[in-house]
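Number of protein chains: 2
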Amino acid sequence: MVVETLTTTFSALSDPTRRAIIERLSQKPASVRELTEPFEMSQQAISKHLVYLIKAKMVKKEKVGRESICTLDPQSIKAVSDWALNYRRFWEESFEKMEDVLEEMKKERKNGRKRKIC
Amino acid sequence: MVVETLTTTFSALSDPTRRAIIERLSQKPASVRELTEPFEMSQQAISKHLVYLIKAKMVKKEKVGRESICTLDPQSIKAVSDWALNYRRFWEESFEKMEDVLEEMKKERKNGRKRKIC
DNA sequence: AGTTTCCACAACCATATGGTTGTGTATTTA
DNA sequence: TAAATACACAACCATATGGTTGTGGAAACT
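Residue numbers (the working numbering), protein chains in the order written: chain R, 784 to 901; chain B, 784 to 901.
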């Protein structure tokens, strides 16, 4: 996945309304009106949110009669999962803690200075 | 994890420079100056990025002499992974495709209208 | 002691974001 | 055919974001 795509995806996910829309669409596809109902927000605002989700390829929208039915597209969420799992070793106990590395570095830097002084 | 925290975390991740900083810190802790070097950007800009990462609790910063050493804090990345894995079933083949659900719904809605007409 | 290095704070600027209201158009319902 | 519904487009507004430059203070080097 390209850098720019990850940027778009994370931006899309940075809004609680949009995450709620994703959660809602994970139940089943829904029209824009249905997506608007749970929120105290205008239909136009929800449509704007959908634009971001569609740009990030997390949602697909299809016109059916006078309605627009939105469907969840999971590929970008998978990309997010893949990105995060790259750092999985850091929260698993087996891996050396960053704090320990830091303590080691602090000692090294002090020794470095001492050597120059001598 | 609270909603607001996820918002802060995804916002922090929505910038390529900040993701690069995380990648860099996954190698080993680094000072602000070391983090600045690879970018064609001022030290102040990087410090600003670090503020976002620290707010999102993805990075810790500790003063050591005149330097500030930054360390990766993986807990928020784990939260991102957890969030994404909630939707894991959607990108696994075994799960019923959303497109199929949509087709089913389209038929149902048409029938609904026909019944009203009759 | 003076200079350099590392970093943060503040002011500033252009653009993006998240919402609003107003309105137009296509589709469905009565 | 007329009215209502579903949605999008545009203009507008306040605030957030991502960068800049200028500057000041603490630590370290010479």
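Just so you know, even glycine gets a beta-carbon here, dropped at the ideal spot from N, CA and C. No experiment lies behind these values; they were computed from the predicted model shown.
Secondary structure at Glu876 of chain R: coil, using DSSP grouped into helix, strand and coil. Residue nearest to Arg849 of chain B within the set B:Asp798, B:Met888, B:Ser814 is B:Ser814 (criterion: CA-CA distance). In terms of CA proximity to Ala795 of chain R, R:Lys831 leads the group R:Lys831, R:Thr819, R:Met824, R:Phe822. Trp874 of chain B is not a Cβ neighbour of Gln827 of chain R, given a cutoff of 8 Å.
Listed in chain order, the non-local C-beta contacts of Ser809 of chain R below 7 Å within the same chain comprise Leu855, local neighbours out to five positions each way being set aside. For Ile852 of chain B against Pro812 of chain B, the beta-carbon gap comes to about 5 Å, under 8 Å, which counts as contact.
At a cut-off of 8 Å between C-beta atoms, Phe822 of chain B does not count as an interface residue with respect to chain R. With fewer than 16 other Cβ atoms from the protein chains shown falling within 10 Å of its own Cβ, Val834 of chain R counts as exposed.
In the structure shown, the three-state DSSP call for Ser797 of chain R is coil. C-alpha of Lys843 of chain B to C-alpha of Thr819 of chain R: approximately 39 Å in a straight line. At a Cβ-Cβ threshold of 8 Å, Ser797 of chain R and Ser797 of chain B count as neighbours. Interface criterion not met: the Cβ of Lys844 of chain B is under 8 Å from no Cβ in chain R. The beta carbon of Ala839 of chain R sits no closer than 8 Å to any beta carbon of chain B.
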